[in-house]
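Numbering (UniProt numbering), first residue to last: 1 to 221. These notes are about the structure you will find just below.
Below you can see the structure in the form of structure tokens.
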């Protein structure tokens, strides 16, 4: 019963983020909307976790937040090395990333992490691994399309699909990134803080490597 309530809550946060991002898309609202949406949904997750004293959610959110900050080198790779990712000018940055980006990735890791955990418990690790990877390959690039229309960020100088908004290497990279989550999250939810940190470092390193692999394979025009 508790797992079902958790699943419903996670799905609500995903729908809420999608709907508000679509509003931002329609209004071309820019980075301010991206930041407000990101912090609002993060706040909702933290409030629910605190109110219910949910240790699983707490571990999963901590993992996601650590991966969010661990994603900064991958953003630097895309922005300054590969030079394919362009963020809106004039917003506060952490290195080459918008200041809200670590918290945006915290949401992604939390949401996809719980879905991966739920599917692994329901259907086993093998099916969950495949389904999580496919979900990542479909859902996250869809968000890239919304991000371009909402004036959050855009890509250039690479092979793109979906109305010239989503790089093929991002689709491949997101599959590689999320396919590891069922295994990793299965360990995270049972770990102490030092081990959660270790798993987050590993996931962050894999994110960087996966982006390199994907770009080398299908990144060029």
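Ideal Cβ positions, reconstructed from N, Cα and C, are used throughout, including at glycine.
Classification of residue i by the beta-carbon crowding that lies within 10 angstroms, buried from 16 upward
{"i": "residue 204", "result": "buried"}
{"i": "residue 102", "result": "buried"}
{"i": "residue 200", "result": "buried"}
{"i": "residue 53", "result": "exposed"}
{"i": "residue 132", "result": "buried"}
{"i": "residue 148", "result": "buried"}
{"i": "residue 192", "result": "exposed"}
{"i": "residue 104", "result": "buried"}
{"i": "residue 94", "result": "exposed"}
{"i": "residue 143", "result": "buried"}
{"i": "residue 23", "result": "exposed"}
{"i": "residue 126", "result": "exposed"}
{"i": "residue 87", "result": "buried"}
Rounded C-alpha distance that separates residue i from residue j
{"i": "residue 176", "j": "residue 164", "result": "22 Å"}
{"i": "residue 65", "j": "residue 121", "result": "23 Å"}
{"i": "residue 197", "j": "residue 109", "result": "14 Å"}
{"i": "residue 62", "j": "residue 185", "result": "12 Å"}
{"i": "residue 11", "j": "residue 111", "result": "8 Å"}
{"i": "residue 168", "j": "residue 85", "result": "13 Å"}
{"i": "residue 77", "j": "residue 207", "result": "11 Å"}
{"i": "residue 219", "j": "residue 137", "result": "15 Å"}
{"i": "residue 96", "j": "residue 158", "result": "19 Å"}
{"i": "residue 26", "j": "residue 161", "result": "21 Å"}
{"i": "residue 48", "j": "residue 209", "result": "34 Å"}
{"i": "residue 130", "j": "residue 116", "result": "10 Å"}
{"i": "residue 166", "j": "residue 58", "result": "32 Å"}
{"i": "residue 5", "j": "residue 50", "result": "15 Å"}
{"i": "residue 80", "j": "residue 35", "result": "22 Å"}
{"i": "residue 221", "j": "residue 37", "result": "33 Å"}
{"i": "residue 187", "j": "residue 195", "result": "9 Å"}
Per DSSP, cross-strand counterpart(s) of residue i
{"i": "residue 160", "result": "167"}
{"i": "residue 155", "result": "85"}
{"i": "residue 98", "result": "93"}
Contact under 7 Å by Cβ, residue i with residue j
{"i": "residue 118", "j": "residue 7", "result": "yes"}
{"i": "residue 106", "j": "residue 182", "result": "no"}
{"i": "residue 99", "j": "residue 89", "result": "no"}
{"i": "residue 140", "j": "residue 174", "result": "yes"}
{"i": "residue 215", "j": "residue 83", "result": "no"}
{"i": "residue 74", "j": "residue 211", "result": "yes"}
{"i": "residue 261", "j": "residue 46", "result": "No information on residue 261 is available, as it lies outside the stretch 1 to 221 that the chain covers here."}
{"i": "residue 146", "j": "residue 21", "result": "yes"}
{"i": "residue 60", "j": "residue 113", "result": "yes"}
Does the contact criterion of 3 or more C-beta pairs under 8 Å hold for the segment 26-35 versus the segment 151-164?
Under the 8 Å Cβ criterion, the segment 26-35 counts as touching the segment 151-164, having at least three qualifying pairs.
Would the segment 33-49 count as touching the segment 2-17 if we require 3 or more Cβ pairs under 8 Å?
A contact exists between the segment 33-49 and the segment 2-17.
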